[in-house]
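Sequence order for the protein chains is H and X.
Sequential numbering of the first sequence, starting at 1, is according to my numbering.
Sequential numbering of the second sequence, starting at 1001, is according to my numbering.
We treat Cβ as the ideally placed atom computed from N, Cα and C, and that holds for glycine.
As the structure is a computational prediction, the values presented were derived from the model and not from experiment.
Comments concern the structure below.
There are 2 protein chains.
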Amino acid sequence: MTLLENTAISADAGMEDRSLAIREALRNAIIDRRLAPGTKLSEAEVGSLFDVSRTVARAALQMLTFEGLVKTERNRGAFVSNPSPEEARQIFASRRLIEPGIVAAAIERITPADIARFRAQLDEEARHMNERGPTARRAEIKASGDFHLMLASAAGNVILEKFMDELVARSSLVIALYGRSGASSCGHSEHTAVLDALEKGDADRAAALMVHHIDHIEADLDLQHREGRGLRDALTLV
Amino acid sequence: MTLLENTAISADAGMEDRSLAIREALRNAIIDRRLAPGTKLSEAEVGSLFDVSRTVARAALQMLTFEGLVKTERNRGAFVSNPSPEEARQIFASRRLIEPGIVAAAIERITPADIARFRAQLDEEARHMNERGPTARRAEIKASGDFHLMLASAAGNVILEKFMDELVARSSLVIALYGRSGASSCGHSEHTAVLDALEKGDADRAAALMVHHIDHIEADLDLQHREGRGLRDALTLV
DNA sequence: CACCTCGACATTGCATACAATTTGACCACA
DNA sequence: TGTGGTCAAATTGTATGCAATGTCGAGGTG
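In structure tokens form, the structure reads like this:
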């Protein structure tokens, strides 16, 4: 848990608010899998880790609860979310619905400069792919998600961008829980394929490739068992 | 502002939390247009209206901020959101993207019992349409939104349902600001058309009708002027 | 008369204190 | 041994106090 420190809270100007910074740090820790699903996030502990009062720690946890990364039980506390297979399916169903639209919108607005930034992002992905070790793997997962977020940003719709922010983060959690292989590696080539189609202005193809990509990610999950939940998340809390 | 009282806080069992109840009350007040865009929502005032401390009032406002119904400025306070025309377009673009998918998903799962409930809901809409007065108009707007929310619920995807919750609420705000006529009236027949297609299992037609419906709503807006914002929301704060 | 400065007031940001609730352990007892 | 009950520790829910920040008007000055 002390790993959180390295995601330094930039006291730099501009950080709107300390609870926002804490939210970011926790968010990164969760999607990086440094915080396992089910981990308890007590207000006091979070507060002392970041050297703030419970009030602001609580605000950060509330935000995370809102985006589904954390589940809060009344009078019991906040826990890193432990999505069920059903939730996982719904997350990917949502992405299948939204992302093709984002690709289509992005095609209309994208500039050569954007394309260049995308290429740089893909290089970053590739770089992490060739490295070994858990740190590189985490960086790879993050970079892979960032590709989708950049796309959302390029689409120029802040609402869809926010939705994708949530969906990508929750996807990371799901992959952490149900991921079978290092399938993110095969994701890389699919990203480049999408970008190629995007650059050529081939909207239909880009959208189709994106759906295919999402299908791929989901297909790599093992969503069979563990359906028996219900009695306080069925022991999986550990 | 005292109108809020009538949206009684059901102290009934189950209401998870007082801040949730306050959020609901404020949400309803906003989408009902009892609270105009730009209205300041001070923590102290909200707290005293609902007879809670600033702490819980603040939590409610934070939730509303997260779903975009309220905009919070640091050290200044919370205001009922005053969406720009651009935001309005993005809201409807998001709906055009998501709602056809919801319709498609709903077709797969809908039961005759659901259909019956939809019919009842449409009757409710019609009833309010035939009444006069601002109260009836508010009820009509709310009922119209509820149709879309029921559809989202029928689709069986809680994530999309949450997204729609936000989008419908924000749409109400936009319509309040930019709505030209009582166009919600023509919306009713379109709702029935969608439902008919849905009942027949005609997915393509239902989705097409839904897109058409959303286009209609947006076409009734006047999104031309008022683009010149920026200096602290250009006086519209009043 | 316009403009700038300064200071009182109001409101938010945050920390802390207290109350309510849950949890787990210990102990009595069948 | 297992069952149930009571109590103590820990944690969350809420209220409140203080500091920081922004607002607005009064008064002085060019």
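| Local Cβ density within 10 Å of H:Ala36, reported as buried at 16 or more and exposed below that | exposed
| said: With a threshold of 8 Å between beta-carbons, can H:Gly101 be considered close to chain X, or not? | reply: yes
| request: Go ahead and pull the three-state DSSP assignment for X:Pro1085. | output: helix
| request: At 4 residues or longer, and completely inside the region 172 to 211 of chain H: list those alpha helix (DSSP H) runs for me, N to C. | output: 184 to 200
| request: Please check if any C-beta of chain H sits within less than 8 Å of the C-beta of X:Asp1017. | output: yes
| query | Between X:Arg1023 and X:Leu1064, what straight-line distance do the alpha-carbon atoms span, to the nearest angstrom? | reply | 7 Å
| In this structure, what does DSSP give as the bridge partners for H:Leu221? | H:Gly179
| message | Measuring only the C-alpha atoms, how far is H:Asp17 from X:Glu1108? | response | 44 Å
| task | Might you give, ordered along the chain, the residues of its own chain that have their beta carbon closer than 6 Å to the beta carbon of H:Phe50, omitting 5 neighbours on each side? | result | Ile22
| task | Would you verify that the beta carbon of H:Leu20 is, or is not, closer than 8 Å to some beta carbon of chain X? | result | no
| query | So, helix, strand or coil for H:Thr39, using DSSP? | reply | coil
| request: Pull up the CB-CB distance for H:Ala60 and H:Leu26, whole angstroms please, since I reckon it's below 8 Å. | output: 6 Å
| query | Could you give the distance in angstroms between the alpha-carbon of H:Glu45 and the alpha-carbon of H:Val52? | reply | 10 Å
| request: Measure the C-alpha to C-alpha separation of H:Thr236 and X:Ile1159 and round it to an integer number of angstroms. | output: Low per-residue confidence applies at H:Thr236: pLDDT is 44, beneath 50, and the placement is therefore not dependable, though the value from the model is reported in the following sentence. Rounded to the nearest angstrom, the two C-alpha atoms are 22 Å apart.
| message | Tell me the DSSP secondary structure of X:Gly1145 in three-state form. | response | helix
| request: May I have the straight-line CA-CA distance separating H:Glu166 from H:Glu67, to the nearest angstrom? | output: 6 Å
| request: Report buried or exposed for H:Leu231, applying the criterion of at least 16 other Cβ atoms within 10 angstroms of its Cβ. | output: Only weak support exists for where H:Leu231 lies, its pLDDT of 45 falling under 50; the value from the coordinates is given anyway. The residue is exposed, with fewer than 16 neighbouring Cβ atoms inside 10 Å.
| said: Tell me the rounded alpha-carbon separation between X:His1213 and X:Glu1125. | reply: 16 Å
| task | Identify whether X:Val1046 lies in helix, strand or coil by the three-state DSSP scheme. | result | helix
| request: Use the C-beta contact count for X:His1216: other C-beta atoms within 10 angstroms, 16 or more gives buried, fewer gives exposed. | output: exposed
| message | DSSP has H:Gly77 in a bridge; who is on the other side? | response | H:Glu73
| said: Against chain X, with Cβ distances strictly below 8 Å, would H:Asn157 count as a contact? | reply: yes
| request: Using a threshold of 8 Å, state whether the C-beta atoms of H:Met129 and H:His188 are closer than that. | output: yes
| For X:Met1063, which residues in chain H fall below 9 Å Cβ to Cβ? | Gln62, Phe66
| Buried/exposed call for X:Asn1157, threshold 16 Cβ in 10 Å | buried
| Alpha carbon to alpha carbon, how far is H:Arg33 from H:Ala169? | 11 Å
| task | Alpha carbon to alpha carbon, how far is X:Ala1093 from X:Tyr1178? Give it in angstroms, no decimals. | result | 16 Å
| field | Closer than 8 Å to chain H by CB, X:Phe1163 | value | yes
| query | With DSSP run on the structure shown, which of helix, strand or coil describes H:Val56? | reply | helix
| message | Going by DSSP, what residue range makes up the alpha helix (DSSP H) through H:Arg23? | response | 18 to 31
| said: Tell me whether H:Val211, by its Cβ, gets closer than 7 Å to a heavy atom of the ligand GDP. | reply: This structure lacks the ligand GDP; in fact it carries no ligand of any kind.
| Proximal chain H residues relative to X:Arg1119, where beta-carbon distance stays under 9 Å | The contacting residues do not exist; X:Arg1119 stays about 27 Å from chain H at best.
| message | Going by DSSP in three states, X:Glu1166 sits in which element: helix, strand or coil? | response | helix
| query | According to the neighbour-count rule (16 or more other Cβ atoms, all chains shown, within 10 Å of its Cβ), is H:Ala58 buried or exposed? | reply | The question names Ala, but residue 58 of chain H in the sequence shown is Arg. Buried.
| task | Check each residue of the region 79 to 90 of chain H: if its Cβ is closer than 7 Å to any Cβ of chain X, include it; give the result in chain order. | result | Gln90
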